[in-house]
Structure formats: structure tokens, C-alpha cells
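First up is the structure itself, then whatever we jot down about it.
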Amino acid sequence: MRLAQKVTLVTGAARGIGAAIARAFVAEGAFVYLTDLDDENGNAAAGALGPNAAYARLDVREEADWRDAVDRALSERGRLDIVVNNAGITGFEAGATAHDPEHARLEDWRAVHATNLDGVFLGCKHAIRAMRPAGAGSIINISSRSGLVGIAGAAAYASSKAAVRNHTKTVALWCAAQGLAIRCNSIHPAAILTPMWEPMLGEGPERERRMEAFVRDTPLRRFGRPEEVAALAVLLASDEATYITGAELNIDGGLLAGSAASPG
Ligand code: NDP
0 MRLAQKVTLV
10 TGAARGIGAA
20 IARAFVAEGA
30 FVYLTDLDDE
40 NGNAAAGALG
50 PNAAYARLDV
60 REEADWRDAV
70 DRALSERGRL
80 DIVVNNAGIT
90 GFEAGATAHD
100 PEHARLEDWR
110 AVHATNLDGV
120 FLGCKHAIRA
130 MRPAGAGSII
140 NISSRSGLVG
150 IAGAAAYASS
160 KAAVRNHTKT
170 VALWCAAQGL
180 AIRCNSIHPA
190 AILTPMWEPM
200 LGEGPERERR
210 MEAFVRDTPL
220 RRFGRPEEVA
230 ALAVLLASDE
240 ATYITGAELN
250 IDGGLLAGSA
260 ASPG
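For the sequence shown, counting from 1, position 35 maps to 34 in numbering that gives the first Met the number 0; every step adds exactly one.
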């Protein structure tokens with residue numbers, strides 16, 4: 000019960016990493032608002048978690064949605080302790096659109112930033128508003144290993160995730176300078192097996208080969224599980240992490256630990 004009584008809002012919680020975070024938080028005693036664009040799966044995910052979870056529609060790009068969802072938490076539960084800015088898109092959801100720096104279309108670049116970066120900006124802004132009266136809280140931004148290195152074929156995704164990393168530190172400094180114990184940290188996952196990967200893995204006999212190719216350079220040589228990311232979020236949300244702010248935590252099977260090149 001490391002999160003007993005803590006009121007939490009998770010974005011993009013209908014599936015994948017967001018759903019796993021919601022599950023882990025409820026298991027640790029939190030009340031969780033699962034939010035998403037996908038009402039059907041969002042309602043189902045919240046329903047499966049019992050009385051300590053509820054679903055609310057929240058398009059992270061829309062400030063009015065943020066106002067409504069945060070105000071609902073404040074009026075129903077009296078406070079908001081934790082916000083997990085998890086919703087994100089790669090830009091590949093709609094199919095094979097070019098996302099390299101030479102061919103990406105401006106509208107696709109902007110669409111990825113609207114969700115991944117504007118969404119996190121709005122989430123942090125309304126989290127601070129909601130947490131200010133209590134003077135404490137934890138904001139967790141799900142960035143990516145793509146926010147720490149360049150990705151030749153996913154320019155907008157990498158740019159947006161790098162900006163999330165940096166904005167996290169700005170929010171941490173702002174809150175600290177205000178005398179608030181509102182912490183803000185980023186998590187940088189890589190290759191976590193969720194529905195986000197489906198457009199890239201595809202179906203059929205090639206699927207297995209593609210999966211192997213994606214994790215070939217990962218020292219642990221496997222995809223990570225959403226639950227493994229959720230465990231890190233539990234730590235950052237809990238009172239065990241009260242001295243951690245402005246930090247970035249990688250969870251990538253060792254991918255960024257060094258080069259695959261070995262001597263001899
Ligand atoms: P999924 O695609 O499986 O889930 C993302 C969820 O976010 C979906 O339910 C999606 O709904 C929702 N969503 C998309 N756009 C919005 C929006 N504008 N407002 C609210 N919800 C939205 O992704 P993952 O669980 O894999 O990823 C979660 C986070 O982790 C993302 O930020 C991702 O970039 C990051 N990440 C993931 C990695 C991985 O390997 N899986 C690696 C590194 C980072 P809908 O289906 O309706 O679009």
C-alpha cells in the first residue's frame with residue numbers, strides 16, 4: 000500500500016503502459032482516474048479495477064478536457080496527488096507516413112508534437128494548479144529513450160520526447176522555486192511490448208523476425224513489459240521518492256548503457 004489514499008490521474012490509460020500504471024497504482028492503494036480518447040477500452044479498463052478507479056474522457060491536446068478532468072477529481076476526491084502524463088503517439092498509427100527529417104510533412108510533425116508535447120505541457124500546468132493547495136504532489140512524464148538519442152526515421156517523435164525530458168526539469172525547478180513539494184520526473188522506456196508496436200510488427204511469419212530485429216541491440220535481448228514501467232512509476236509517485244525531482248530514469252533493457260562494440 001505504497002500509494003494509499005493517493006488520488007491519481009493517468010492519461011492514455013485505456014491500454015498499454017497507461018493501463019499497467021493504473022493497475023499497479025490501484026494495487027498499491029491509490030484511487031485512479033483512467034483517462035483516454037478510447038472510451039470503450041477506457042471504461043472497460045477502469046471497470047476491471049473495481050471501486051478505486053473511474054474513467055474520464057480526456058484528449059490531452061485539449062485544455063478544456065484537462066480543466067474538466069482535473070476539476071472532477073478535485074470536486075469528487077478533494078485533491079489530486081499524482082498525475083502521470085503517459086498518452087503519446089509515434090505518428091505511425093495511420094500507416095506508412097514518412098517521419099524522417101527530409102520527408103516528414105509539417106502537419107504530421109505538428110500532430111505528434113500536439114499529443115506528445117502540448118499534452119504534457121497542459122498536464123503539468125493543470126497538475127500544478129490542482130496540487131498547489133496541498134503544496135505537494137508527483138508529476139510523472141513518460142518520455143522515451145527516443146528523447147535521449149536521435150531516431151533517423153521518427154524525427155517528430157524523438158523531438159517531442161526530448162522536449163518532454165527538458166520540460167520535466169523546468170517544471171521541477173519552477174515548483175521547487177515556488178516552495179512547493181511538487182516533484183516532476185521523466186521515465187524513458189524503450190521497446191515495451193504494447194499495442195503501440197502493432198503497426199511496426201505487423202502480422203504473419205515476419206512478425207517474429209521483426210521482433211528479434213527490434214531487440215537485437217538491447218543487452219537483455221527482449222522487449223520490456225508494461226508492468227516493469229509501472230513499477231518505476233509507483234516508486235516515483237510514492238513517498239519513498241520525496242527527494243527525487245527533475246530526474247530522468249531509463250528503463251530500456253540496458254540499451255543506452257553503452258555500445259554493442261566489444262574489444263577484440
Ligand atoms: P499505446 O499506443 O499502447 O497506448 C497509448 C494510449 O494513449 C492509447 O490508448 C491511445 O488511445 C491514447 N492516446 C493517444 N492519443 C491520445 C490523446 N490525444 N489523448 C489521450 N489519449 C491518447 O502506447 P504505449 O502504452 O506503448 O505508450 C505509452 C507511452 O509510453 C507513450 O507516451 C509512448 O510514447 C511511451 N513509450 C512507449 C514505448 C514502448 O515501447 N511501448 C517506448 C518509449 C516510450 P487511442 O488508441 O484511442 O489512440
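Where a beta carbon is used, it is the ideal one built from N, C-alpha and C, also for glycine.
Whether residue i touches residue j by CB criterion (8 Å)
i: N165; j: L235; result: no
i: G134; j: L105; result: no
i: A79; j: A19; result: The amino acid at residue 79 is misidentified as Ala; the sequence shows Leu. Contact: no.
i: A230; j: A23; result: yes
i: I186; j: S237; result: no
i: V214; j: R221; result: yes
i: H112; j: G152; result: no
i: Y32; j: A93; result: no
i: A21; j: A68; result: no
i: I138; j: V59; result: no
i: R209; j: G201; result: yes
i: D107; j: A155; result: yes
i: V6; j: R76; result: yes
i: T114; j: N140; result: no
Nearest residue (CA-CA) to residue i, options the options
i: V9; options: A86, R60, E62 and R71; result: A86
i: A161; options: P188, M199 and L179; result: P188
i: G253; options: R56, A52 and I191; result: I191
i: A43; options: K5, A13 and S237; result: A13
i: T89; options: V31, E75, I150 and G41; result: I150
i: R66; options: Q4, G118 and G223; result: G118
i: D64; options: D99, K124 and R221; result: K124
i: Q4; options: Y54, G28 and G15; result: G28
i: I16; options: W196, D216, E207 and S74; result: W196
i: L255; options: C174, R209 and L147; result: L147
i: E247; options: P132, A171 and E39; result: A171
i: P194; options: G136, L2 and N40; result: N40
Residue i burial status per 10 Å Cβ neighbour count (16 or more: buried)
i: T169; result: exposed
i: M0; result: exposed
i: D35; result: buried
i: P225; result: buried
i: T244; result: buried
i: M199; result: exposed
i: D251; result: buried
i: R182; result: buried
i: G257; result: exposed
i: G122; result: buried
i: L116; result: buried
i: L219; result: exposed
i: A95; result: exposed
i: A176; result: exposed
i: Y54; result: buried
i: A232; result: buried
i: A45; result: buried
i: G203; result: exposed
Element boundaries [alpha helix (DSSP H), containing residue i]
i: H125; result: G118 to M130
i: Y156; result: A154 to A176
i: I20; result: G15 to A26
i: I82; result: A small fix is needed here, since residue 82 is Val in this sequence, not Ile. No alpha helix (DSSP H) holds V82; the beta strand (DSSP E) holding it covers I81 to N84.
i: V228; result: P225 to A236
i: S74; result: E62 to R76
i: N140; result: From DSSP, N140 is part of no alpha helix (DSSP H) but of the beta strand (DSSP E) over A135 to I141.
i: A44; result: D38 to G46
N-terminal and C-terminal residue of the beta strand (DSSP E) that residue i is part of
i: T34; result: F30 to D35
i: S185; result: A180 to P188
i: E247; result: E247 to I250
i: N115; result: Unbroken run through N115: none, as it is neither H nor E.
i: A52; result: A52 to R56
i: T193; result: Element bounds for T193: n/a, residue is neither H nor E.
i: L8; result: V6 to V9
Interface flag, residue i vs chain B, CB-CB below 8 Å
i: A63; result: In the structure shown, chain B does not exist; there is a single protein chain.
Just to confirm the assignment: which complete alpha helix (DSSP H) runs, minimum length 4, are found wholly within the region 196–223? 197–200 and 205–214
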